[in-house]
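Asks:
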Amino acid sequence: MTDVSLGIPQMPAPDYPADVRARLESDAREVIARYPGSRSALLPLLHLVQSEEGHVTRTGIRFCAEMLGLTTAEVTAVSTFYTMYRRKPSGDYQVGVCTNTLCAVMGGDAIFDELKQHLGVGNDETTEDGKVTLEHIECNAACDFAPVVMVNWEFFDNQTPESARRLVDDLIAGREVRPTRGAPLCTYKETARILAGFPDPRDGAVEASGGAGPASLAGLRLHRGEAPARVVGQRAESPSDTGDASTEDGE
């Protein structure tokens, strides 16, 4: 009988080393205790295992399944549904360029093309030094600051090809980089641990997060009477507006 390989990884997945497993179990139990039903802890647990290796591995999926009493198929279904969970190795900094409609029109496509050429990588690829993974992403609900670039889910507003190129150069060089709002960037693994629900250990990081930017609050301030209304000039009427359009023969 001939064995046929379909390229499917053999299960079960390998386990973590004993010391890593013990540490993750302790963290996982803390997360699970926050929820009335353990299954609800799956999303933060996926962030937890992502913080260990920089992406969700087969070992991480097995760990989540065992901790929550789920099947690996159930965990895999969730981990492949949400784009914040990486299924292959990523760089220290996940650089996402919004190429959805408004950002694209405002320059997002040009930024993405510039970074692909500058970094020498394509979409969802990582630089050889392992520093930057580049991808195009969908709307980040920051249209008022278009075009937007995100690094490890932190916003960089009103970007240009030139500013985006400087941004990735600073990341690769190891220089401190601050998003438009918030504390200096941390690595993707560190970000994943924060998203798992653990405190950000950096001094002043929480306080530095700040609130919404002025452009996001413009409508609210107008509603409250805290800002003058914009006066828009009246558009000149065209014949079609008045119904007086003439035919070619003047009738």
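In my numbering, each residue's number is its place in the sequence shown (first place is 1) plus 172.
The C-beta atom is built at its ideal place from N, Cα and C for all residues, glycine as well.
How would you write the range of the alpha helix (DSSP H) that His290 sits in, first residue to last?
Replies: Taking the sequence shown and counting its residues from 1, one reaches residue 290 at position 118. Where His290 is concerned, the enclosing alpha helix (DSSP H) stretches over 281-291.
Asks: Just to confirm, are Pro319 and Cys270 a CB contact at a threshold of 8 Å?
Replies: By 1-based counting over the sequence shown, the position of residue 319 is 147. By 1-based counting over the sequence shown, the position of residue 270 is 98. Yes; because the gap between Cβ atoms is below 8 Å, this pair is in contact.
Asks: Determine the burial state of Thr273: buried for a count of at least 16 other Cβ atoms within 10 Å of its Cβ, exposed for fewer.
Replies: Sequence index remark: in the sequence shown, residue 273 carries index 101 (1-based). That one is exposed.
Asks: What span of residues does the beta strand (DSSP E) with Ala321 cover, start to end?
Replies: The residue you call residue 321 lines up with position 149 of the sequence shown. Reading off the sequence shown, one finds Val at residue 321, where the question assumed Ala. Note, Val321: beta strand (DSSP E), 321-323.
Asks: Mind checking which residues open and close the beta strand (DSSP E) that includes Thr305?
Replies: Translated into positions along the sequence shown, residue 305 becomes position 133. Element bounds for Thr305: 304-309.
Asks: Give me whichever residues DSSP pairs with Glu266 in a beta bridge.
Replies: As a first step, residue 266 is located in the sequence shown; it is residue number 94 there, counting from the start. Residue 266 is actually Gln in this sequence, not Glu. BP columns for Gln266 point to Thr305.
Asks: Nearest by alpha-carbon distance to Pro356: which of Gly369, Phe370, Leu339, Ala368 is it?
Replies: Your numbering for residue 356 matches position 184 in the sequence shown. Checked all of Gly369, Phe370, Leu339, Ala368; the closest Cα to Pro356 is Leu339.
Asks: Report the residue ranges of all alpha helix (DSSP H) runs contained in full by the segment 327-373; include only those spanning at least 4 residues, in chain order.
Replies: Counting only runs of 4 or more, we get 333-345, 360-367.
Asks: Please report the residue range of the alpha helix (DSSP H) in which Met239 lies.
Replies: Translated into the one-based positions of the sequence shown, residue 239 becomes position 67. From DSSP, the alpha helix (DSSP H) with Met239 extends over 230-240.
Asks: Cutting at 6 Å between CB atoms, please list the residues of its own chain near Ala399, excluding the five before and the five after it.
Replies: Along the sequence shown, one-based indexing puts residue 399 at 227. Hits under 6 Å: Arg393.
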